[in-house]
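For reference, the structure is listed below as C-alpha cells.
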Amino acid sequence: MPHEVRGVVAMQPGAPVEVRTVLVPDPGPGEVLVAVLACGVCHTDLHYRDGAVTDDFPFLLGHEAAGTVEAVGDGVTGLQPGDYVIIAWRAPCGGCRSCRGGRPWYCFDSRNAVQPMTLADGTPLSPALGIGAFAAKTLVAAGQAVKVDRAARPEAAGLVGCGVMAGFGAAVNTGGVGRGDTVAVIGCGGVGNAAIAGASLAGARTVVAVDIDYAKLDAATRFGATHTVNSTRTDPVDAVRELTGGFGADVVIEAVGRPETYRQAFYMRDLAGVLVQVGVPDPQMRIELPLIDLFSRGGALKSSWYGDCLPSRDFPVLIDLYLSGRFDLDGFVSETIGLDEVEAAFARMRRGEVLRSVVVL
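What follows is the structure, encoded as C-alpha cells:
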C-alpha cells in the first residue's frame, strides 16, 4: 500500500516549488524504502526547478539525504530495516563496460528505483538525481543506500550524499592532490569548501581559496585554506601565481561552473598542472581557448563526476573523519528548515548567504 507523505515538487520550469501530497510505494525487488531524516538544499535542486537539467516535470526535489531504512524489497542483501544510511545518486550496476573495466565510480548504468513515486492523482514524479528526498519517505535502489555510523547527526551526514562528496572527491580522487602540492579552489560554497578540506587532509602545503564574497573566504579558512583571494579586488590568476612562487598551482579546482572562472582556472595552473571542473554549468554556456595554449601548457583538464567517488567506499570514510574530529561537516550546515521553507532557501542560496540549508523531517 502506498505511503502518503508531503514532498517538495517543482511543477514547471522556474515556478516556485510546491509542497504536495506524494505517494511512495512499498519497495519492490532490489529497492529500499528510506525514512528521510534530513536533506540538504543543493544548487542541483535549483537547476532542476529552473528546467536546466531536463524537462521531465514534475520533479520531486531533494537528494542530499540521510535516513533510516524502513523496508527492503525482495533480493536485497546487506541492508535491513533500522540501518542508518546516506543516499547516493550513483549505484554502480556491476555490469557496464566501466564497472567491468574496474572503474565503478564511472558506472554508465547506475541503478535507481524502478517503481515511480507519484502525486495523489497518479501523475508520475521524476525524482531529482534518482532520489527525491524532500519528503518524509523516498524509494531508491538498494545500491543507493550506503550504511554509515549512526553516531553522525543526519543534518551533517546527508551532505556527504552530494555536494560534500563532489568537492572532497574532486580534490582527492579526480585531482589526486598529494603531500606538498599547491592547490587553488575557485568558488567557496559547499562544494568548493569541501574541496579545500579534502586538499588540506591530503597534505597540500598551500591551499588558495578564491571567491568574490569575504564571508565565504572566511569560511574557507576554517576548512583549511592557507590563503584567500577576493577576485573582485585583484586578478586571481596573478594572485595565485604570486602565492605559488610565480609558477601557478599544481591542482586548480573550478567549483563555480562558469566560462570566466574556467578560463581563470586554466591559466592559474602550473605547467603540466591539473584543472578539475566540478562546478555545474548551464547547458547553454560555451568556452573558447587558444588551441596553442591547450597544447603548450600540457597537464590535464578533467571533469569530476560526483567527485569520482565510489559511495560504498567513500561515504563511510568521510563519516569516520567527521566523527574523529578531522572533518568539520557541521560547518557546512548554515541553517535547518522545514519543507515549507525550501523556496526561501533557494533565494538565500542565490544570494550567497548560506553554505547549506538543511531540511529536517
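Note that this note's numbering has the sequence shown beginning at 72, numbered continuously upward.
Ideal Cβ placement from N, Cα and C applies to all residues, glycine included.
- Message: Quick check on DSSP: helix, strand or coil for Phe366?
- Response: helix
- Does the pairing of the stretch 132-144 with the stretch 224-235 give three or more beta-carbon distances under 8 Å? yes
- Message: For Ala416 and Ile324, which I take to be in contact (beta-carbon distance under 8 Å), what is that distance rounded to the nearest angstrom?
- Response: Not confirmed; about 25 Å, so no contact.
- Query: Ends of the beta strand (DSSP E) at His74?
  - Reply: His74 to Ala81
- Could you give the DSSP three-state label for Ile158: helix, strand or coil? strand
- Task: Compare the Cα-Cα distances from Phe403 to each of Val147, Leu314 and Val425 and report the closest residue.
- Result: Val425
- Task: Whole angstroms is fine: what's the gap from Gly319's alpha carbon to Ala371's?
- Result: 14 Å
- Message: Using CA atoms only, rank isn't needed, just tell me which of Gly146, Arg419 and Gly350 is closest to Glu331.
- Response: Gly350
- Message: By alpha-carbon positions, which one of Ala142, Thr115 and Gly144 ends up nearest to Leu131?
- Response: Thr115
- Message: Would Val105 and Thr148 be called neighbours here (beta carbons separated by less than 9 Å)?
- Response: no
- Message: On a Cα-Cα basis, can you pick out the residue from Gln83, Gln186 and Cys178 that is closest to Ala212?
- Response: Gln186
- Task: May I ask you to report which of helix, strand or coil DSSP gives Asp145?
- Result: coil
- In the structure shown, what three-state DSSP assignment does Glu359 receive? coil
- Message: For the pair the stretch 121-128 and the stretch 238-253, tell me if three or more CB-CB distances fall below 8 Å.
- Response: no
- For Met356, does the count of other Cβ atoms within 10 angstroms reach 16, so buried, or fall short, so exposed? exposed
- Please state if the CB of Leu200 and the CB of Cys178 are separated by a distance shorter than 9 Å. no
- Query: Can you tell me whether DSSP reads Phe130 as helix, strand or coil?
  - Reply: strand
- Task: Take Asp180 and list the residues in its own chain whose beta-carbon comes closer than 6 Å to its own, dropping the five residues that flank it on each side.
- Result: Cys164 and Cys167
- Query: With respect to the beta strand (DSSP E) encompassing Ile257, which residues constitute its N-terminal and C-terminal limits?
  - Reply: Thr253 to Ile257
- Query: To which residues of the same chain is Ala142 closer than 8 Å at the C-beta, ignoring the five residues directly before and after it?
  - Reply: Asp97, Pro98, Val103, Leu104 and Pro152
- Would you tell me roughly how many angstroms separate the C-alpha atoms of Ala296 and Thr303, rounded to the nearest one? 18 Å
- Can you tell me where the alpha helix (DSSP H) with Gly344 in it begins and where it stops? Note, Gly344: premise wrong, no alpha helix (DSSP H); beta strand (DSSP E) at Arg340 to Gln348.
- Query: Is Gly263 buried or exposed, if buried means 16 or more other CB atoms sit within 10 Å of its CB?
  - Reply: buried
- Message: For a quick check, are the C-beta atoms of Asp399 and Ala268 less than 9 Å apart?
- Response: yes
- Query: When DSSP builds the beta bridges, which residues end up paired with Arg312?
  - Reply: Arg312 is not bridged to any residue.
- Message: Taking only three categories from DSSP, how would you classify Val231?
- Response: helix
- Do you know offhand how far Gly203's Cα is from Ala266's? 25 Å
- Going by DSSP, what residues sit across from Arg19 in a beta bridge? Because the chain spans 72 through 432 in this model, residue 19 falls outside it and cannot be assessed.
- Message: Quick check on the DSSP output: the beta strand (DSSP E) that includes Cys110 runs from which residue to which?
- Response: Glu102 to Gly111
- Item | Residue nearest to Gly146 in terms of C-alpha spacing, selected from Trp160, Arg419, Val156 and Gly214 | Gly214
- Item | Supposed contact pair Val79 and Leu410 - C-beta distance, whole angstroms, cut 8 Å | 6 Å
- Item | Completely contained alpha helix (DSSP H) runs for the stretch 201-230, where each covers 4 or more residues | 225-228
- Item | Three-state class that DSSP yields for Ser395 in the structure shown | coil
- Task: Sort Pro354, Ser383, Trp376 and Leu346 by Cα distance to Leu365 and report the nearest one.
- Result: Leu346
- Message: Suppose contacts are defined by Cβ-Cβ distances below 9 Å. Is Val107 in contact with Ala206 by that definition?
- Response: yes
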